[in-house]
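J.: In the working numbering, the protein residues as written are 20 to 380. Yeah, the Cβ is synthetic: ideal placement off N, Cα and C, and Gly gets one too. Here's a structure for you.
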């Protein structure tokens, strides 16, 4: 601890990201919910074009600031989802948008409500910005208690589908929470919605308190580019923009902007790779059940698994010895679960082989 730190820095419990090995090629890396497939070929073409074209690659455009609004990307988002520019906002990954949201809409006078088991960045943001954070206990350890959330007073943050549990709430439950919190901003974090959940984007014209946040890190294979967007009524979007421009007007670089636009608009490639992930997910879940694992039905690109006879910590350690990375959360209520990202068929076959070695011998 440095003597130069202020009280806020001293009191922060930072988010702990998934492990990123220096040489990913040496591992079966299925711990951070990255897409196992590369982005659309159109993404590469767009990046090369922005760099000056395949022939020159002069990079001349890089001397210029990018669009402060990430205009080409937001135009693509509007085309894809049938939205207006006044209803969308772009950020350097959805995490940046989440941070702006905490700064723009909540303060110390009213709590933020969220399920006890969810994306662990939410309480970090609340702590940084001195916002009371109320974690609502789960039902049956891993199910979101919508009834309990609906009767609370304050802003609401919901990951839907939820992470790390992989469970999606039906849109009727989201609507019920929105109705109960008409005077508070309700944020729905849809990082994984393309893998099985129902999107709430269609509700933003009905509920002026709804902000939906999406990322291109998962289903669009752009975790390395850091780009996401929010959709909501124009007043919420303007609040995000005011906060962004008070910190950094140019949060998204030129290459990420064109990459995001190209990815969003290549629907055929998106559909093909999504279906590949879903097929591998179902096959892997079936094989894991044959090995004795239990898990909820997944609406994400990962499985949240537990074994009645073996501790998750022991399984995690054994897999790591075999150069396979999964995610273990040492958190009360889910300490005996592992989160397993869906990789390629070959990666999942390797995982299943090593798990069989551990369990069967």
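(1) Comparing alpha-carbon positions, which option in 346, 94, 20, 273 lies nearest residue 284?
(2) Counting only the same chain and skipping the five closest in sequence on each side, list residues whose C-beta sits under 7 Å from that of residue 308.
(3) Quick check on this structure: which residue in 349, 36, 258, 250 has the alpha carbon closest to the alpha carbon of residue 99?
(4) Would you list the residues sitting across from residue 206 in a DSSP beta bridge?
(5) Check whether the Cβ atoms of residue 196 and residue 170 sit closer than 8 Å, and answer yes or no.
(6) Between which two residues does the alpha helix (DSSP H) carrying residue 60 extend?
(7) Contact between the segment 367-374 and the segment 326-338: three or more CB pairs below 8 Å?
(8) Tell me whether the segment 114-124 and the segment 257-270 touch, counting them as touching only if at least three CB pairs, one residue from each stretch, are closer than 8 Å.
(9) By how many angstroms is the C-alpha of residue 178 removed from the C-alpha of residue 140?
(10) At least one CB of chain B closer than 8 Å to the CB of residue 234: is that the case?
(11) For a test of the three-state rule: what should DSSP assign to residue 47, helix, strand or coil?
(12) Looking at residue 188: is its Cβ nearer than 8 Å to the Cβ of residue 163?
(13) Check each candidate in 86, 210, 329, 30 and name the one with the smallest Cα separation from residue 380.
(14) Name the two residues that bound the continuous beta strand (DSSP E) containing residue 132.
(15) What's the C-alpha gap between residue 57 and residue 25?
(16) Quick one, which of 111, 27, 44 has its alpha-carbon nearest residue 273's?
(17) Output the distance between the C-alpha atoms of residue 332 and residue 101, rounded to the nearest integer angstrom.
(18) How is the alpha helix (DSSP H) around residue 99 delimited, first residue to last?
(19) By the three-class DSSP mapping on this structure, what secondary structure does residue 158 have?
(20) Would you kindly check if the distance between the Cβ of residue 278 and the Cβ of residue 66 is under 8 Å?
(21) How many Å lie between residue 321 and residue 238 at the Cα?
T.: In this structure, then:
(1) 94
(2) none
(3) 250
(4) 176, 230
(5) no
(6) 60-69
(7) yes
(8) yes
(9) 11 Å
(10) This model lacks chain B altogether, as it is built from one protein chain only.
(11) strand
(12) yes
(13) 329
(14) 131-134
(15) 42 Å
(16) 111
(17) 45 Å
(18) 90-100
(19) strand
(20) yes
(21) 12 Å
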